Structures are given as C-alpha cells and as structure tokens.
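Notes follow once the structure below has been shown.
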Amino acid sequence: MNAPDPLRALLAATGVLDAWQLRTVFDHAAVGLVVQDADGRIIDANAAALFLLGLSRDELFGLTSLDPRWQATDAAGEALPGDEHPAMRTLRDGAPLQDFVMGVHLPEGGRRWLAVSTALLPGRATGPWVVSSFTDVSAPRDLQRTLFDLSSLGIQLIDLERQKVVAVNDALVRMTGYTREELLHEDGHERFAPEARALRAHWAREVQTHGQFGPVEADYLHRGGHRLRLVFHGVRVTDPRHRNYLWLSVQDVSAQRALEDALRTAAGTDRLTGLANREGLLLALNGLVARAAAGGGGFALLFMDVDRFKLVNDTLGHAAGDELLREVAQRLRAHAGPRGWPLARFGGDEFVALLADVADAAAASKQAAALLDALARPYRVQEQDIHTSASLGVALWQSAADDGQTLLRDADTAMYEAKRRGRGQHVVFDDAMRARLTRTVHIENELRHAVARGQLRAVYQPIVDLHTGVMGSVEALLRWDHPELGTVSPVEFIPVAEDGGHILGLGEWILAESCRQWRVWQREDAALAPARVSVNVSRKQLALGPRLLAAVRAALADNEMPAQALQLEITEREVMQHPEQAQALLRELSGMGLRLAMDDFGTGTSSLGCLREYPFHTIKIDKSFVTDLCRDPQVLAVAHATVNVIANLGMLSVAEGIEDATEVAALQAMGCDHGQGYLFAAPLAADRVLAFAAGAGAPG
Ligand code: C2E
Ligand code: MG
Ligand code: MG
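Each residue of the sequence shown is one higher than the last, beginning at -8 in our numbering.
Here it is in structure tokens:
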C-alpha cells in the first residue's frame, strides 16, 4: 500500500518536460516541496511548502534545518534536533526517507503534522541536493493524539521490531506511578510480577501472528512498591512506514479484585448476609473513587436503611430480625448482582450498593426506584408475612473533591431526608441539601456565642382554661435573633443545638430567664401573673440529670420561687428513649415539688398504659391530633379515649395548637379543659403577658 510518491513521479517526468514546464509543475504541486543544498540550506520551495510551514519565501530561503527558528518534533511530540530532520538524515546517510511524521510549530501558534518524504538530487559539483515533499496529516494525527491522551485506559505503544516502548499516555503514568521517561526508556519487564514476566514475549508472538491478544490479567508493580492487577489488551497497528507496533491498552482492576479477594476472606465479609462489610465496601469504594479521579468515569452510591427494622427486632425477636436482613440481602443480590454492582451491609439495617456504571442523577434515580420496588415486596420470615420498605439516599461522584467518606456522608444525609419525607422513597443528594448542611454548620458555629452576645429572648404563650379563657400558666419558648440570619426558628436551631452540645447552655439560660420573669410578674401584679411557668427540657439535659437538678435548684433559689410554680416539659419521644433513666430523674424532680408535663403526646410510640409509670401531672396532646379532631372521626374517638384515661390517672390534659373555635367545642365535649394555641394567643413578649391576662380573664 505504497502511496504514489509525487516527487518520484515528478522526477520521472523530467524526461519529457523542459525546465520551464518542470518549474510550473513544481510551483503548482499540491504537496509542499523544498529543496536544500548539500549544507542543508534551503534554496527553493513551492507555494504549498510555504503554506504548510507557515513561513514567507524570505523567511524560508537560506534557512537550514539547524536554525533554531525551524523547530520541529518527532511523531511522539519530542523536540527533533536539526540534524535529525529528514533532509539532514538523507544528506548524511545518502538514503531517502518515506513518510517520516514530523510536527512543525507554526509562527501563529499551534502545530502542524507533516508526513515528509525525501529524495537526493545527484550530480552537482557541490554535492547532492535534497528535495523534501510534505503532506499535511494533522487532522488524523490530532484525533489519534486526543484519543490517546484523553483515554481513561492506560495506553502503551511498543515498536515490535525494536522491542521498544515509543509512547505512553497520561493515564498509564497515573496508573503505574512511573514517570513518562521511566516508562519509555526501560524495557519494563521487571515491573511485571515475576510470574507474569514471560507474558510480554508471548504477547508479541500472539500479536504478530493473530493481530491481537487478550484481555489478559497480570500483576504489575506500582512504583510505590504495591501490586496492581492490570488487564492488558493488545492489537497490532502498522504505520505508514510499515513498521509494526503493539497498541497495548491497560485497565486497572485492582479495586474490583481486592474487593473480591476481601470477600473470599472473613475480614471483608459480613457474616450474616455474605455481602461485603464496611471494610470490604471501603476497598471497593476507594477503588472507584481512584478510577473516577483518574478520569475513568463517575458512579453512584446508594445508601439504604430498612424502615422500621427496630420494630421487627423488638416485636418478633432477633432471630426474625436476622432473617429479615438475610432476605433483604438476597433481594439486593438478585437485583444488583447481574449488573456487577458491589454490595455491602454497612452496619445494622443499612446497606450500600455501588453503581459503577451510573454517572448521572436521572439514571441513578431510576435504578434507586427499581431497587426500592424490589425491596418493598412482602417478606416471609418465620412463617409470617412482614411488610416493610427501605429508605434510600443517593450520592453521585462528581468531582475530585468527592472522596469515599464524603460520598457516604452525603448519601446518608439524603437517606435521612428520605425517611423524613415519609420512608419508602429515595432522595438524591443535591446542591440544596448541601446548602442546608452548610447552613446547619453556620448555625452551629453561631449558636456557640448566642448566649454571650445576648441574642436569645424568651417569649411566653398563655395556657388557658377552655371554658373561661383564663390564663393559668405560660409556656416559655426560645427565640434567637441573629444579626445576619434573622430570627431563627427553634424548630431549626434546637435540633442543631442538641447535636452540637450547645443545648445545655441554651436550656439553662431559658430556665433562669423564665424564673426571673416569673418573679417580675409576681411583683408587678400577683393577681394577674401566671401561677406557673412551663419550660421545655431537651434530651441532653435529661441525660445529664445532676446538672439539670443543680440548674433547677439555683433558678428557684435565686428568685425565691416555689417549686410548684415551675413546670418542666419533656417530649414523649425523649421519655421513651431511656425509660428507666428518665423515670428516676423525673421522680426526683417530682419529689422536689416541680410539676412535670409530657409534651407532644401522640407523636411517639408510647401507649396510654405507660403513662401510669411516670410522675407526670400534665399531658400535652400534640397539635397534629388537635388539627385532625374535626376532620377524622377516628381521631376524635382516640382523642376522646385518651382524655378519659388521662383524667382517670388523675392527670391534666392540655391541647396544643388550637386554631379555631370548632376545635375548642370538640375538646370541651370530650372533657379536655386546658388549651394553648393561636386562637387564644401566639407566644407573647414578656411585657405583654399581664395585659393579655387582664383582657382574657373576664369570666363569662
Ligand atoms: P413545643 O414545646 O411543642 O411548643 C409549641 C410550639 O407550637 C411552639 O412553636 C408554638 O409557637 C407553636 N404553636 C402554639 N400554638 C400554635 C398554633 O395554634 N398553631 C401552630 N401552628 N403552632 C402553634 P415554637 O416556639 O416554634 O417551638 C417549637 C418547638 O421548639 C417547641 O415545641 C419545642 O419542642 C422547641 N423549643 C422551643 N423553645 C424551646 C426551649 O426553650 N427548649 C427546648 N428544649 N425546646 C424548645
Ligand atoms: Mg413544649
Ligand atoms: Mg408541644
């Protein structure tokens, strides 16, 4: 497949062309033609050559290949010394060259790839001249180069005759840790693990006879000393000079193999389900992150949590819980196994799947939904049908900043969001969630200084007698005014304060402030003043019982306040979290004479039967109940029964969040005597509480 050589054709034509005709052919040839004398000086060039080299006639004439302006590179892009230029080699060796690929830098920037052929023009007294013909091969060459450089696979080009590596791409440099020079200039055999060294010779034979080989897996030593598991795939390519090369593509499968190996050993396996465990997962995850960071394509991490697993465990026993987890693992395996996605049990009832081939949110979302469908079908455990679902968070690898830990954290955050939105669904971690996280961190930092900077304020919401409207007590509620964030709702900052540990400071501040305010109202008008202040107590405060007791004692003593005038509100969830510990502390507080209220009753899991075991004086029925009273007869019936039981236990019921008069009527009818809500009053500034009492208290 010898391309017709235009120069040779031209020379052959001299027999019939006169000098003038020859000149015309020379000037108008579509290939570039340059003639150099025996010293390499350019003495003639045609228009095509001037165009291809980007130089004017004046610039080019007289120039030699040794001139520094005449910068060229070899096919691999390395600088080509002047005496290695094709014309100079031809002069030196006396032999023509064909299709020598050379890059020339253009004066206006950029590079043009030229295939150069040379011929000697003999018979001059001064020595032979040399004529070079140029054709432009930039377009195919650039495309090749781009494929080569941007490939996520490692690529090595080996000259089969000389058994020499002639080119390597960036991906291979990253993959192996060796420098480009090291990869180019040594034969590389010793980098293969000893048992794999013979492979190279074998491949060369394979490729010579069959044109290709592989894929073959072999161990390779990373420059850092550790072993890589690489998959090699080779094809023979032939250049215009009919040289044979081995185009070797190399893929790093160390992470996948490490996971598989880990799975074969106990260290990486979860004994209950046979899936990878946390360690096994991290191996696979780090492998995917490294692959993605090296340009090998993104992936999705799915974090799943079985909904209400604790309930199954608590009601049916641990054996049933274990069986359910094995069943879930089996479902995952059936679904994800054929797609080659690594799976792991992350801990407890949490599972992770790595979708190695899924890189965008839409595709990940689709897969997540399908996975949840598979998990939502009923389970048969110990001859019982169990209906459960899973909540799922998705995190996508998107940038080099995403390491394995970050992805796990993001997917976990998204999973919690899915739970919050009502379980059995999936949520993709996105920028909005990241923004919320950032805000949370900001709030946490700022909350640290809130007390010291005087940014906290207490407001008081009246609790009234539903028949008379008379205010018997008030609930103290925290407000936080931040110069930049504005007034932040306690619904937002209390959970942050709980997690960050600032809640103790906030809780002690409002306790002291409410008691101080109680004393102020007493002094102002003992008749109108609320008999009691009710203060919310958080989970952390309950957990540190002695500290809470000390704070309560100090607040009462400082304001000469009788213990009966202080009520503490504890939510149902908090009480139920550590039932025994809570019981002891509540008894101690009750023993001091304090009043205790269970807050948000109806939002947790406690049954009415449990109420008897705690020394509560008041049960606050949650707003969600009150709102549904007049909409749902079943809620009405349950509420009615609840109010009855509370009364029978000698406790007081208070309905929260009353917003309209129909609710009041329904509550009165069932025997609930106290209420709180916007219908009567929103939380008020301290100096407006007595005015409210004066206006609302009128009997009748
Ligand atoms: P909570 O203790 O159940 O307080 C009742 C919440 O319901 C208050 O919201 C109150 O403003 C609101 N509310 C009252 N009546 C109505 C009504 O008719 N309609 C509606 N839609 N809402 C009504 P707030 O002040 O935003 O407090 C929210 C939660 O933050 C409180 O719920 C409590 O759990 C927590 N919190 C507030 N202050 C403190 C505090 O000092 N310490 C602790 N630990 N938690 C606090
Ligand atoms: Mg409350
Ligand atoms: Mg409440």
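Idealized CB from N, CA, C, for every residue including glycine. None of these values were measured; they are calculated from a predicted model.
In the three-state reduction of the DSSP assignment, I434 falls in the helix class, which pools H, G and I. Residue state for V636 is assigned as helix, using DSSP reduced to three classes. Residue pairing by DSSP places I612 opposite F592, A646 in a beta bridge. Taking V680 as reference, the option from H631, A449, S581 with the minimal CA-CA separation is A449. In its chain, beyond the 5 residues on either side, G648, I649, E650 have a beta carbon closer than 6 Å to the beta carbon of G668.
Assignment of beta strand (DSSP E) within the stretch 536 to 572, counting only whole runs of 3 or more residues, yields 557 to 562 in chain order. R412 sits in coil when the DSSP states are folded into three classes, being neither helix nor strand.
Pairwise C-beta distances place the stretch 373 to 389 in contact with the stretch 278 to 298, as three or more of them are shorter than 8 Å. Here the stretch 23 to 37 makes contact with the stretch 107 to 122; the two share three or more CB pairs at distances below 8 Å. Counting only runs that start and end inside the stretch 279 to 310, the beta strand (DSSP E) elements of at least 3 residues fall at 291 to 297. Beyond the five residues adjoining it in sequence on each side, N550 comes within less than 7 Å, by CB distance, of C506, R507, W509, R510 in the same chain, given in chain order. Distance between D403 and A652, taken at the CA atoms: about 43 Å. Of the candidates G202, H213, H201, the residue whose Cα lies closest to the Cα of F183 is H213.
Taking G23 as the centre and dropping the five residues before and after it, the same chain places the C-beta of A39, A40, L43, F125 closer than 6 Å to its C-beta, in chain order. The C-beta separation of T109 from P59 comes to about 22 Å, leaving the pair out of contact by the 8 Å criterion.
Each residue's CA atom was taken as its position, placing Q446 and A503 some 15 Å apart. Residue pairing by DSSP places P453 opposite V465 in a beta bridge.
For ligand 2, residues qualifying as neighbours are N527, E560, D590, where qualification means a beta carbon closer than 5 Å to at least one of its heavy atoms (chain order). Assignment of beta-bridge partners to Q375 by DSSP yields V372. For R330, the three-state secondary structure derived from DSSP is helix.
Only exposed fits I34, as fewer than 16 other CB atoms lie within 10 angstroms of its CB. W388: not part of any alpha helix (DSSP H); DSSP gives it neither H nor E. Comparing C-alpha distances from A291 to each of P474, D364, F420, E483 shows the shortest one belongs to F420.
With a contact defined as Cβ atoms closer than 8 Å, R564 and G600 miss out at about 17 Å. Beta-bridge partners of M93 (DSSP): L105.
Per DSSP, P481 is one residue of the alpha helix (DSSP H) stretching across 481 to 491. In this structure, L175 places its C-beta atom within 9 Å of the C-beta atom of V159. Shortest Cα-Cα distance from F592 to any of A359, T633, S464 involves T633. For L148 and A70, the gap between their C-alpha atoms comes out near 19 Å.
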